[in-house]
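Peer 1: Have a look at the structure that comes next, please.
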Amino acid sequence: MPRIICLGEILVDQIANYAQLGQDQVLSWQAYPGGSPANIACAIARLGESCALISCIGNDQIGQDLLAEIKQKGVDPTGIQINPTARTREVYVSRDAKGDRRFINFSGTGSTAFADTKLQADQLPIELFEAADFLVLGTLALAQTDSMAAVKRAIELAEQNYLRVVVDVNWRPLFWDNADRAPDLIYDLLEHADFLKLSADEAEWLFHTSDPTEIGNKLEHLEAVLVTDGEHGCRYRISDRTAQFGGFRVNAIDTTGAGDAFVAGFVYQLCQHKLQELNQPEISDRIVRYACAVGAISTQSIGAMSNLPSHNQVQDFLTQQQA
16 MPRIICLGEI
26 LVDQIANYAQ
36 LGQDQVLSWQ
46 AYPGGSPANI
56 ACAIARLGES
66 CALISCIGND
76 QIGQDLLAEI
86 KQKGVDPTGI
96 QINPTARTRE
106 VYVSRDAKGD
116 RRFINFSGTG
126 STAFADTKLQ
136 ADQLPIELFE
146 AADFLVLGTL
156 ALAQTDSMAA
166 VKRAIELAEQ
176 NYLRVVVDVN
186 WRPLFWDNAD
196 RAPDLIYDLL
206 EHADFLKLSA
216 DEAEWLFHTS
226 DPTEIGNKLE
236 HLEAVLVTDG
246 EHGCRYRISD
256 RTAQFGGFRV
266 NAIDTTGAGD
276 AFVAGFVYQL
286 CQHKLQELNQ
296 PEISDRIVRY
306 ACAVGAISTQ
316 SIGAMSNLPS
326 HNQVQDFLTQ
336 QQA
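Residue numbers (the numbering used here): 16 to 338.
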């Protein structure tokens, strides 16, 4: 059974074929599998650790294609639900000259129901939680009633079975009908988290600081706070010690999913160590450096799942960086 469970959206990223264009100027889009929890699950599986995805797809061809994709990438599909009426979500993504992405719009109309919001709490496979060690969550599932209930049920099952909870804030206001509700809902979720990852911008938005020490002081139960900042690396507080890794310089083509790849690298490394080892600086530094490497490698082609590295590829990359 998988050691890691990722819960949340799986969808299609329609990425502009040409950078630096607005939606009305883009002549063609290319479909890529996406959704932060799905990206993380596939990246973990690629690194070589067992992982399951709990999500919901529509009863449509897009959903079937996504299901086939995660199976092909080695992710356990036991937790994938199929909604008979809601459609699988497509999100349109533009890129600037540096490869940084911007989420523009969804397919459908304002009244379109998307399957990822219909995840049912009473259909979560309990057997996954009984065998796993980690639960990885984003926050987009909090935006709608059904999926929020599923998150709460997953937290209950995680606590009953002594799973450690990893939260990646992954703030995307486009997904929220009422974005003003988001901070309080996210704060409530973080009360159940053991590890928190967020970008510098997300940290400023949610905590009015990007300092991991200050964030850790506000949430003293957290074992780690990881604040990523793109090519500038990561500042982190692990076991009451704050440090920084400056990142790797790579030719980024598309940053879609880079943060997800970072989370995957971090959780993969957690599985390779005893948690009490995190208070050893050389180990915690090595874990963060590894996570940054996974994130950096993932940016070197278009699509969140297109360039997910194996563990050996990450090790080779790290060796080259030291040369």
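Ideal placement from N, C-alpha and C gives every residue a C-beta, glycine not left out.
Buried or exposed: Thr243, going by 16 or more other Cβ atoms within 10 Å of its Cβ?
Peer 2: Walking along the sequence shown from the start, residue 243 turns up at place 228. Classification for Thr243: buried.
Peer 1: Name, in chain order, the residues that DSSP records as bridge partners for Arg250.
Peer 2: Within the sequence shown, the letter at position 235 stands for residue 250. Answer is Val242, Gln259, bridged to Arg250.
Peer 1: Three-state secondary structure (DSSP) at Gln96?
Peer 2: The residue labelled residue 96 in the question sits at position 81 within the sequence shown. In the structure shown, Gln96 sits in a strand (DSSP, three-state: E or B).
Peer 1: Hey, how far is the Cα of Ile339 from the Cα of Ala276?
Peer 2: Outside the displayed range of the chain (16 to 338) lies residue 339, so it cannot be described from this structure.
Peer 1: If you reduce the DSSP assignment to three classes, tell me which class Ile69 lands in.
Peer 2: To locate residue 69, count along the sequence shown from 1; it is residue 54. Assignment of Ile69 by DSSP, reduced to helix, strand and coil, places it in the strand class.
Peer 1: Does the structure place the segment 271-285 close enough to the segment 182-191 that three or more beta carbon pairs sit under 8 angstroms?
Peer 2: yes
Peer 1: Under 8 angstroms, do Arg18 and Ala147 count as touching if we go by C-beta distance?
Peer 2: On the sequence shown, residue 18 is found 3 positions in, with the first residue counted as 1. On the sequence shown, residue 147 is found 132 positions in, with the first residue counted as 1. For Arg18 and Ala147, yes; Cβs fall inside 8 angstroms.
Peer 1: Since I believe Phe144 is in contact with Leu285 (beta carbons under 8 angstroms), could you give me their beta-carbon distance rounded to a whole number of angstroms?
Peer 2: Within the sequence shown, the letter at position 270 stands for residue 285. Within the sequence shown, the letter at position 129 stands for residue 144. Going by Cβ atoms, the distance from Leu285 to Phe144 rounds to 17 angstroms, so no, they are not a contact pair.
Peer 1: Does the separation of the CB atoms of Leu155 and Gln96 fall below 8 angstroms?
Peer 2: As a first step, residue 155 is located in the sequence shown; it is residue number 140 there, counting from the start. As a first step, residue 96 is located in the sequence shown; it is residue number 81 there, counting from the start. Cβ atoms of Leu155 and Gln96: not closer than 8 angstroms.
Peer 1: Rounded to whole angstroms, what is the Cα-Cα separation between Gly49 and Phe210?
Peer 2: Locating residue 49 in the sequence shown gives position 34, counting from the first residue. Locating residue 210 in the sequence shown gives position 195, counting from the first residue. Answer to the nearest angstrom: the Cα atoms are 23 angstroms apart.
Peer 1: Here's the rule I'm using: 16 or more other beta-carbon atoms within 10 Å means buried, otherwise exposed. How should Asn54 be labelled?
Peer 2: Counting from one through the sequence shown, the residue named residue 54 turns up at place 39. Looking at its Cβ environment, which holds 16 or more other Cβ atoms inside 10 Å, Asn54 is buried.
Peer 1: Kindly indicate which three-state DSSP category Asp183 falls into: helix, strand or coil?
Peer 2: Locating residue 183 in the sequence shown gives position 168, where the first residue counts as 1. Three-state result, Asp183: strand.
Peer 1: On the DSSP bridge assignment, give the partners of Leu22 in chain order.
Peer 2: As a first step, residue 22 is located in the sequence shown; it is residue number 7 there, counting from the start. DSSP, once it has assigned bridges, lists Ile69, Leu152 as partnering Leu22.
Peer 1: Could you name each continuous alpha helix (DSSP H) segment of 4 residues or more that falls completely within the segment 269-329, going from the start of the chain to the end?
Peer 2: Runs of the alpha helix (DSSP H) inside the segment 269-329: 273-287, 296-313.
Peer 1: Quick one: grab the DSSP three-state call for Ala194.
Peer 2: Taking the first residue of the sequence shown as position 1, residue 194 is located at position 179. Residue state, collapsed to three classes: helix.
Peer 1: Tell me the residue span of the alpha helix (DSSP H) that contains Leu389.
Peer 2: With the chain represented from 16 up to 338, any question about residue 389 goes unanswered, as that position is not in the structure.
Peer 1: Can you name the start and end residues of the beta strand (DSSP E) that Ile157 belongs to?
Peer 2: Position 142 of the sequence shown, counted from the start, is the residue given in the question as residue 157. Residue identity check: residue 157 is Leu in the sequence provided, not Ile. No beta strand (DSSP E) contains Leu157, which DSSP labels as neither H nor E.
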